[in-house]
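Undergrad:
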Amino acid sequence: MPATRSTVMSIARRVTPPSALRFIGRTIDIRATARGTYGVPWLPVQRQAMRLRREHGWTLAESLHAGLLEPGTHLDPERLVAPRRLSEAQEALNAESIQAVGEHKTLFRMITAAAGIPTPSTYATFMRGTMGWDWNVNAPIAPDRWAEALERLPDEFLIKPAEGYYGEGVRVLRRTDRGGWESVGEGPMTTAQVVQAMHDHPEFGDWIAQERLRNHPDFATINGEGLHTLRLVTVMGGDGTPELVWAGFRFSVGSAVVDNYRGGTLGNIGCEVDMTTGSIARAYRGGDGGLGMDPIDIHPTAGIPLRGLRIPLWDDAVRLTLAAAPVFLPLRTLGSDIGLTPAGPKFVELNMWWDLPYNLDARALVSRLWQEAQAAPNPAAQLVIATPKESLQPAA
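Read in order, the letters of the sequence shown correspond to residues 78 to 473 in our numbering.
#1: Between the beta-carbon of L120 and the beta-carbon of L145, is there less than 8 Å?
#2: Under the rule that 16 or more other beta-carbon atoms within 10 Å means buried, what is Q287, buried or exposed?
#3: If we define contact as Cβ-Cβ less than 8 Å, is G314 a contact residue for chain C?
#4: Can you tell me whether T311 is buried or exposed, with buried defined as 16 or more other CB within 10 angstroms of its CB?
#5: Are the beta-carbon atoms belonging to G340 and G367 less than 8 Å from one another?
#6: Considering only C-alpha positions, which residue in the set T253, I175, A360 and Q123 is nearest to W430?
#7: Could you tell me the distance, in whole angstroms, from the CA atom of R387 to the CA atom of F296?
#8: Can you tell me which of Q448, N428 and I299 puts its alpha carbon nearest to the alpha carbon of I346?
#9: Is it buried or exposed, L406, if we count other Cβ atoms within 10 angstroms and call 16 or more buried?
#10: Quick one: give me the first and last residue of the alpha helix (DSSP H) that W447 is part of.
#11: To test your reading of the DSSP string, which unbroken beta strand (DSSP E) runs of 3 or more residues are found completely within the stretch 367-412?
#12: If distances are taken between C-alpha atoms only, which option among P265, M275 and D277 comes closest to R252?
#13: Would you kindly check if the distance between the Cβ of D371 and the Cβ of G364 is under 8 Å?
#14: Are the CB atoms of V334 and L163 nearer to each other than 8 Å?
#15: By DSSP, does I352 sit in helix, in strand, or in coil?
#16: Once the 5 residues before and after D351 are set aside, which same chain residues still bring their CB inside 7 Å of it?
#17: Which partner residues does L235 have in the DSSP bridge list?
#18: Once DSSP output is grouped into helix, strand and coil, what is the label at E280?
#19: How about A239 and W284: do their beta carbons lie closer than 8 Å?
#20: Between L290 and G412, how many whole angstroms is the CB-CB distance? I'm expecting something under 8 Å.
#21: Excluding five sequence neighbours on each side, which residues of the same chain lie with their C-beta closer than 8 Å to the C-beta of G206?
#22: Assuming the contact rule is C-beta atoms closer than 8 Å, E302 and V261 should be a hit. Round their C-beta distance to whole Å, please.
#23: So, with DSSP's three-state summary, where would you put V312?
#24: Given this structure, state the Cα-to-Cα distance separating M313 from I188, to the nearest angstrom.
#25: Which residues share a DSSP beta bridge with D211?
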């Protein structure tokens, strides 16, 4: 009987370094995909994956999710930009030593609160091994008092890892009449089970509980449990002027409580936005099993055309993002996730390692980042920082 993936990985874990383990696991995935999905011998597919990794920087997993390993694919790796190459350009503008500004959501909350940047209300932070804080009662949360703090929270809230990514570990909890919680898309949970899930997570230790934002009324016809968000990418020029250089939008679909693309495995929709009009230019979903990216013209549950759909609050969201960018200096390129709510645009998260759709020809954008990193500064320029609240005032 052929060895299963789990059997092979179980044996390998005993003697193999983690990096090699990931390579072995993806190699097994490629073999299974070649045989089961593509119906072709696995060796040519594996060779293509190795070539993409060697020549273009694509990992085996990224090659699979991008659809670059599909026989006869129209995608040209010479025109696409591997995430590793994008990260190299970002690191030329952003100091890795201060990445926690955007990557740790509690620190991000501290900065945005001090700067007056509109964000979801934060109810509590849970810090493993030390004190967190409960803003409902303005009191600390001891490491062994998480359950008590959870019981004091509002009847509905969102809880997520403070250092999370790709929507991992995010839950929307609603208090039930029977006591305990309903985890949207997951099922009933007791408070003890919520705490246990937080403690047992293998990667994340700190957690943050926040207001659950609602989508703007213009999205009323689009069903879904999660918040749809606008991704605005900015670059701070050498003269101190922030500029919008790319825009995307993500729709959560069905019972997904997050809108993350996550390699296409959640069924959510990613879009590119025309920055001149604030409308969707093209949309895509993950292919079967998260392999490749399929264009989509009609929203799968709402039945409405996506191309040309105007993003509500577009101008306000852009103003907010450009006004907030100087707050985070010396980080010079940021991916801001903006929730479009009935109360206006709100900063949800900040990403210094912002990503792009795998199928996007991002060569010009990456070149722009390198140009900014190598450009001489203009010390004569004067940076004028408008507070985000001021940026939302109607234009005169």
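Glycine included, C-beta positions come from ideal geometry on N, C-alpha and C.
TA: On the basis of the coordinates in this document:
#1: no
#2: buried
#3: Considering every chain present, this structure includes no chain C. It has just one protein chain.
#4: buried
#5: yes
#6: I175
#7: 11 Å
#8: I299
#9: exposed
#10: R440 to Q451
#11: 370-372
#12: P265
#13: yes
#14: no
#15: What sits at residue 352 in the sequence shown is Met, not Ile. It is coil, neither helix nor strand.
#16: A358
#17: V249 and Q287
#18: coil
#19: yes
#20: So it is not a contact: roughly 18 Å between Cβ atoms.
#21: P220 and G282
#22: 5 Å
#23: strand
#24: 19 Å
#25: A201 and A216
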